[in-house]
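Heads up, the sequence shown is in our numbering, so the first residue is 8 and it goes up one at a time. The structure appears right after this line, and notes come after that.
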Amino acid sequence: MRLSLPGHILLTALLFSSSQVYGQQKTTTQRETMSIPSVQSGGGLGIDLRGAGVPIGVFEAPLSGNTSIDTSNSDLSHVTVIDGGGSSSHATTVTEILTSKGIASASELGVAPDATVYVYGREYAHEAFAAELGNAIESYNLLLSNHSYADNYGWSNGSTWQGVIDMSETEDYKFGYYGDYSRTLDSIMFEYPYHLVVRATANNRGDSNTTTPFNVYSSPSFNIVSRSSPNPEANGGTDGFDGLGRDATSKNALIIGAVDNISGGYSTPSDISFANSKSAWGLTDDGRVKPDLVGPGQLTTGTAYTSYAAPMITGLGALLQELNRSENGRWLKSASLKGLLIHTADPGTSDGSPLPTMGWGIPNAETAANFLLNSDGNQRLIEGRIENGETVTFRFYHDGTGDFRATMVWTDPHGTSPTLDFNSSDLDDSTAILVHDLDMELWDETGTPSIHAYPWKMSATHPENAATRGDNNVDNVERIDFPAASMSAGWYSIRVSHDGSITGKQEFSLLISDAEGETFTGGAWSSDPSTWEAEVMVRILDTVNTAHIRSSVSVSFLEMEPGADLYVHQPQELSITGEMLMKANAYGTAQAKGNVLGLVHRQTYLTGTADWRYLWSPLRTTVGEWAEELTRANLSGSPSPSVYSWDAANTQWNSLSALDSAHEAALVLYTGTNAYAEFTPLPFAKSTRGRVDKRQRTFSLTVDNDGVSSDDDLGWNLIGHPYLAPVDWQSLDVSQTSGSFYIWNNAESDFAVSDGSVFSNGGRRYIYPGQCFWVYCASGSTGSLLMDSAAVVISTDEAVHKRVYPQVRVTVHMSNGMTETAVLELNPNSTPQFDLGQDIPDREGADPKRSSLCWKVEGENMVIARTNEAAGFADLSFSASDYRIDSVSVDLVQCESLQFRWEVDSTHYSVDGLPLGVWDSNCELQLQWSSSLSGFESSFDSNTFSIHGNQVFWSGSESISAEVIDMTGRVVSVLEWEHAGYQSLNLMNGSYVLRSEDGHLLKFLQ
């Protein structure tokens, strides 16, 4: 029997007036506490993270029946309210801290002002909430959700105690208990592995009764009983521990407490203070470390609320997702993001150990960003997996000069809540909630390998005791901190194993700081592969020379940069005990030839189009795993499936289920937004994980033997190749086919054709990994095609190793959070004809509520277009939607030698000086470019500014001065002109505004 008590939602900020004075106020010290300024414009890292493109849900519980934000607030005009009604000052403040544009005051800038945010009024019933959150994740691809509310438990209002006297007359059983809500969160996050729930604890530590008699509950009928004694203890007891409610004990969610702001930022553990905080403390009943982290919860002064700490950390999560997407071409899984925040947090102890009061400490944006930027190449983030009975080892070199840290996090299946018997046995049940008990150990590999260190663990019965090192069998977060004094230079390893059994495969995220390994750079290995110790970590950084392995080796983790090539010579084998990460981006795709055994994580760069895409998995995996990151890829059973395979025997398309194989048949996926699916039609790196298929594979093909001409569907087969590098069609025996392979060219309504030497409509010699293609088998054919790895090549074809050409990227940001982007590539090798692999047509039949932005090329509407003109023009068309425009950005990539300007109705503007009013309705613009400023500078309207690289041009004849202001409102430069001419800029990368003495305003990027 499961106990369910009546209760109410208690907002984790005290109930306050909805007066505007309680909206967000100065958050400068909140931002300083977590080093947020370091990762934004003007910060020390030279980056400007604003959460662009990161979808977040804000879930709000009712405050006097109100759950919505103040929709008249201009700082939140980009936020979309999905449900809920009535303006809530609490909801408004939480959302402002997360994503305010900072228009009213730069000091009130939210952590992630460019994030895409959706606000919900939270359903209270657990089943309804599970459906609500799950639907939100699927509908809007939410990567994070913020939950700043808590259930009632213990003393709630001074006269009512929420405990059950049959269980205990002094302590509410719900403290530390793994309840329905926490179990629901664990289930949702296990189902959606990219979604991280950020959950605030309550602000009721130390609350007690203020009146006598008081009300309590009595089971089994849950009657309310009035009593005077014995007096239940204050929330958290005399020491404050064991004060977390049953809704704040989730394993997978990030549970957040609140501390005082730290002006100027963290320096030492003593800076962290609870002087103005009543944030609830842990541990959980089974001894897990909760809260996971704490954040700054003060606005100006006064109480530090967990409601206001949680969105700070949610916002930082968005910034780190944005950075990883930019640096590595992919989103982080929730376990990786959670692990990153914990791994790089400023600790509350001198040795890095956790505390029941604050978990692992305060997140540090600068430290986390530096980990992802990985300037020295020794910061490791590995998304691995382990199966039943396995031990996975990661070998590395530590130079002995710094402290060592490793963190492992996994998204565990939901646990089982301890059974409630309505007696004293229900109190503080220490039964472990963990389902998959993974273990991490640090081993010294010098001489005879030996265990060097265990992770931290805490005592469920004595939370006041300092953490110790040992076998942790309750937490799904394990961290090892070891001082430099005990780490001599040498080879070490992290070994990941498990106790008990594992159902299926358990994924985990492992972060290791300062872990060196073998590298390939400058055309040479750091040491010959024949000398490598087993299970070493390896990086291939060189994207010009091919890395050769001529002896069989075993490595734990191998990372290849986009464009890197690896050749494992026959008959040698490369065994991967952990994971091989093959990266891809717009400029290159990692390739590997030879025998690769083990788990491979391969990225495929999709050039982008809102259309049906023909794809193939070169790795053994299921459709469900292949589509894991595509939260709106609808599978079989959906009213509008978006993933199909071709049934050649029956000449029909069949929708695929999650359990179908993704490497046995070609996949056809819709990559647009309509009834079939919803995700970006723009370029992105698609990840696939699995093991490499066999070296030789014979495809049994359907033959056109019905005696009818070959223009019907029979005899056409859609297949792909199972390798990690291109296949040379000339090297295959294709005698049982027509001799050619075909790729459908939608723009030409015809096939791109190749027989390996003669091409038409964009056909090529090579078939690239992840690309599927058609072959035709005429009557009389045996209907077979042998794919042999001997035909695999490390191709130097430009389509695989992309050269970086100048690009102009125009992005229109709408008030509802949507964006429209059009890209123009200035490629001297391009042709006016449509190119299947590069030019992307504008989608037809698009959502009428969306704006349209496209280039006009040869009469076609293109969202990605190419031109070979060194100097020329391109027309850009914009059609507005029902939503207003928030901003327009123009990014120039590799365009240092070119000059640009806009022409609108015979008026010229600098490339970043186009008035926003031009975009307010349907408009036609022309982008013009040249390799020289000659003729450009005199064409701009008189008395205007324009930006050219690192110079500002003033076209007026009179003297003038102007300030350059960064996004924090700080004046970083003052420029003066005596007459028309140039002034030089010396600025860090970021966004700036130029403001002249006569009122000119010009926003630009450096």
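Using N, Cα and C, we set each Cβ at its ideal position, and we do this for glycine too.
Just how far apart, CA to CA, sit A829 and R873?
Between the alpha carbons of A829 and R873 lies a gap of roughly 11 Å.
Between R392, D299 and N335, which lies nearest to T351 when the distance is taken from Cα to Cα?
Among R392, D299 and N335, the Cα nearest to that of T351 belongs to D299.
Does DSSP put V551 in a helix, a strand or coil?
Assigned with DSSP and collapsed to three states, V551 falls in coil, not helix or strand.
Given a cut-off of 8 Å on the beta-carbon distance, is the pair A68 and Y201 in contact?
With respect to Y201, A68 sits apart: the two C-beta atoms are not nearer than 8 Å.
Looking only at DSSP bridge pairs, what is D795 linked to?
DSSP output for D795 lists Q703 as bridge partner(s).
If you draw a straight line from the alpha carbon of R412 to that of E485, how long is it in whole angstroms?
Approximately 11 Å between the Cα atoms of the pair.
Give a yes or no on contact between the region 282 to 290 and the region 324 to 339, applying the rule of three or more CB pairs nearer than 8 Å.
Of all C-beta pairs linking the region 282 to 290 to the region 324 to 339, fewer than three are shorter than 8 Å, placing the two stretches out of contact.
Bridge partners of T596, per DSSP?
T596 is bridged to A591.
Work out the CA separation of N385 and L548 for me, nearest whole Å.
Near 12 Å, if we compare the C-alpha coordinates of N385 and L548.
Rounded distance between the beta-carbons of P462 and R476, thought under 8 Å:
About 7 Å; that satisfies the 8 Å criterion.
N331 - containing alpha helix (DSSP H), residue span
Looking at the DSSP string, the run of the alpha helix (DSSP H) that includes N331 is T313 to N335.
Of all the beta strand (DSSP E) runs that stay within the bounds of the region 877 to 937, which reach a length of 3 or more residues?
Within the region 877 to 937, the complete beta strand (DSSP E) runs of at least 3 residues are 879 to 886, 892 to 900, 906 to 911, 914 to 917 and 930 to 937.
To which residues of the same chain is E944 closer than 6 Å at the C-beta, ignoring the five residues directly before and after it?
With a pLDDT of 49 at E944, under the threshold of 50, the predicted position of this residue should be treated as unreliable, though the coordinate-derived value follows. Short of 6 Å from the beta carbon of E944, and not among the five residues preceding or following it, lie these beta carbons of its own chain, in chain order: F960.
Quick one: using the 10 Å Cβ neighbour count with 16 as the cut-off for buried, is S1003 buried or exposed?
Buried, since its Cβ has 16 or more Cβ neighbours within 10 Å.
Please state the DSSP three-state secondary structure of M196.
Here DSSP, grouped into helix, strand and coil, assigns M196 to helix.
Can at least three beta-carbon pairs, one atom from the region 182 to 193 and one from the region 419 to 426, be found at a separation below 8 Å?
Yes, the region 182 to 193 is in contact with the region 419 to 426.
Can you name, in chain order, every residue of its own chain whose Cβ lies under 7 Å from the Cβ of L666, other than the five neighbours on each side?
Exclusion of the five residues before and after L666 leaves T629 and G631 as the residues of its chain whose Cβ lies within less than 7 Å of its Cβ.
Decide if N230 is buried, meaning its Cβ has at least 16 other Cβ atoms within 10 Å, or exposed.
Here N230 is exposed, its C-beta having fewer than 16 other C-beta atoms within 10 Å.
When you compare the CB positions of L348 and I389, do they come within less than 8 Å of one another, or not?
It is not a contact, given that the beta carbons lie outside the stated cut-off.
Can you check DSSP and say which residues form a bridge with N868?
DSSP, once it has assigned bridges, lists K863 as partnering N868.
Thinking C-alpha only, which one of S94, A113, P120 and D353 is nearest L105?
Minimum Cα distance to L105 is reached at P120.
Along the chain, where does the alpha helix (DSSP H) that runs through G346 open and close?
It spans S341 to H350 - the alpha helix (DSSP H) in which G346 sits, taken as one unbroken run.
So the alpha helix (DSSP H) G302 belongs to, where does it begin and stop?
Segment L300 to P303 is the beta strand (DSSP E) holding G302; no alpha helix (DSSP H) there.
Near Q513, which residues of its chain fall below 7 Å by C-beta distance, leaving aside the five closest residues on each side in sequence?
Contacts found: R392, I393, W417, H443 and L445.
Ignore the nearest five residues each way along the sequence and tell me which others in W781's own chain have a CB closer than 6 Å to its CB.
Within the same chain, W781 has close Cβ partners W723, L725 and Y749.
Indicate whether the contact test is met: 3 or more Cβ pairs, each with one atom in the region 515 to 527 and one in the region 454 to 471, closer than 8 Å.
Contact between the region 515 to 527 and the region 454 to 471 is absent, because fewer than three Cβ pairs lie under 8 Å.
Which ranges does the alpha helix (DSSP H) cover as unbroken runs of at least 4 residues, wholly within the region 165 to 225, from first to last along the chain?
Whole alpha helix (DSSP H) segments, 4+ residues: 187 to 198.
Nearest to G252 by alpha carbon, out of D292, F221 and N259?
Residue D292 is the option with its Cα nearest to G252.
Report the rounded CA-to-CA distance for N211 versus A375, giving the unit in angstroms.
Whole-angstrom Cα-Cα distance: 31 Å.
Could you have a look at I144 and say whether DSSP puts it in helix, strand or coil?
Helix, per DSSP.
Return the CA-CA distance between Q958 and A59, expressed in angstroms with no decimal places.
Cα atoms of Q958 and A59: separation of roughly 27 Å, rounded to the nearest angstrom.
Looking only at C-alpha atoms, which of Y224, G346, P456 and K181 sits nearest to L434?
Ranking Y224, G346, P456 and K181 by Cα distance to L434 puts K181 first.
A692 by DSSP, collapsed to three states: which one?
A692 carries a strand assignment under DSSP once its states are collapsed to helix, strand and coil.
Contact between the region 732 to 741 and the region 769 to 777 is defined here as three or more beta-carbon pairs at a separation below 8 Å; is this criterion met?
The region 732 to 741, when compared against the region 769 to 777, does touch it at the 8 Å Cβ threshold.
Exposed or buried, what is H161 when buried is set at 16 or more other beta-carbons lying within 10 Å of its beta-carbon?
Sequence inspection shows Gly at residue 161; the His mentioned does not correspond to that position. Flag for G161 reads buried.
By the three-class DSSP mapping on this structure, what secondary structure does D451 have?
Strand.
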